[in-house]
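Per this note's numbering: the sequence shown = residues 408 to 594.
The next block holds one structure in the form of structure tokens; read it before the comments.
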Amino acid sequence: VSGYIKNLFESHKTKNGKIKHLEKTNLQFIEPTEYRITKPFTLTIHEYKVNEINNELNKKSGFLGVCGKADCRDVEELMSKGDEKATLAYEMYTDRVAKYIAEYYLKLDGKVDGIVFTAGVGEKSPYSRGEICNLLEVFGVEISGKKNLTRGEEIEISTPESKVKVFVVPTNEELMIAKETEKVINK
């Protein structure tokens, strides 16, 4: 989405780098100089440079925009202390992840081999995995509470009764980046 929005902005920039009035899109840009949500999927922005909009969408949204913390571990800590904004941010996050998985499940007509949690949050946050999988119970997703406590280790966390296998798979992103870089250099 951010790539689409960035390209949309780039194609509608004026010579001074400002965004000009756009119509017939999901985004609406009008005067005055302010930034507000006007109705679902409509954003009102004027005189923001593309890099400023990109920064807002990619660096200051999500957890940070809702509760003031960007790191999942910090948000979980705030939640443990009863912070309502952190709880809201986490619910928004787990709902969104579950929604995407559900959409893929439906697109695949229920022919899903497995759900894989990986990278930082996926492999190190039992709470996130648990909340997401609870939201997916309607599809027969069931995980073992004990196995789900595992962090940073490759493991199947689904129960034998689960209709969809669920895995945790650690990644080594630095190694993958190095291998891809080596491929490019050696071409």
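Glycine included, every Cβ here is placed at the ideal spot set by N, Cα and C.
Model, not experiment: these values are computed from the prediction.
(request) Write down every uninterrupted run of the beta strand (DSSP E) in the segment 534-594 whose length is 3 residues or greater and which is fully enclosed by it, in chain order. (result) 572-576
(message) Does residue 584 pass the burial test, meaning 16 or more other C-beta atoms within 10 Å, or should it be called exposed?
(response) exposed
(message) Cutting at 6 Å between CB atoms, please list the residues of its own chain near residue 558, excluding the five before and the five after it.
(response) If we look at residue 558 and ignore the five residues flanking it on each side, its Cβ neighbours are 531.
(message) Since residue 504 and residue 460 should fall inside the 8 Å C-beta cutoff, what is the C-beta to C-beta distance between them, to a whole number of angstroms?
(response) Rounded, the Cβ-Cβ distance is 25 Å, inconsistent with contact.
(request) Starting from the C-beta of residue 495, find all residues in its chain whose C-beta is less than 8 Å away, skip the five residues before and the five after it, and write them out in chain order. (result) 473 and 474
(message) Cutting at 8 Å between CB atoms, please list the residues of its own chain near residue 533, excluding the five before and the five after it.
(response) Contacts found: 555, 556, 557 and 558.
(request) Hey, could you find the ends of the beta strand (DSSP E) residue 521 is sitting in? (result) 521-525
(message) Within a Cβ cutoff of 8 Å, which residues of the same chain sit near residue 562, ignoring the five residues on either side of it in sequence?
(response) 554, 574 and 575
(request) Pick helix, strand or coil for residue 446, following the three-state DSSP scheme. (result) Here residue 446 scores only 44 on pLDDT, less than 50, and its place in the model should not be relied on; the value that follows carries that caveat. Residue 446: strand per DSSP, three-state reduction.
(request) State the Cα-Cα distance for the pair residue 546 and residue 592, rounded to the nearest angstrom. (result) In a straight line, the C-alpha of residue 546 is about 45 Å away from that of residue 592.
(request) Note the first and the last residue of the continuous alpha helix (DSSP H) segment covering residue 489. (result) Careful: residue 489 lies outside any alpha helix (DSSP H) and carries neither H nor E.
(message) Are the CB atoms of residue 588 and residue 526 within a distance shorter than 8 Å?
(response) no
(request) Have a look at 581, 520 and 594 and flag the residue whose alpha-carbon is nearest the alpha-carbon of residue 565. (result) Taking only the C-alpha atoms, the option nearest residue 565 is 520.
(message) So for residue 514, helix, strand or coil by DSSP?
(response) helix
(message) If the criterion is Cβ atoms closer than 8 Å, does the pair residue 528 and residue 479 meet it?
(response) It is a contact, given that the beta carbons lie within the stated cut-off.
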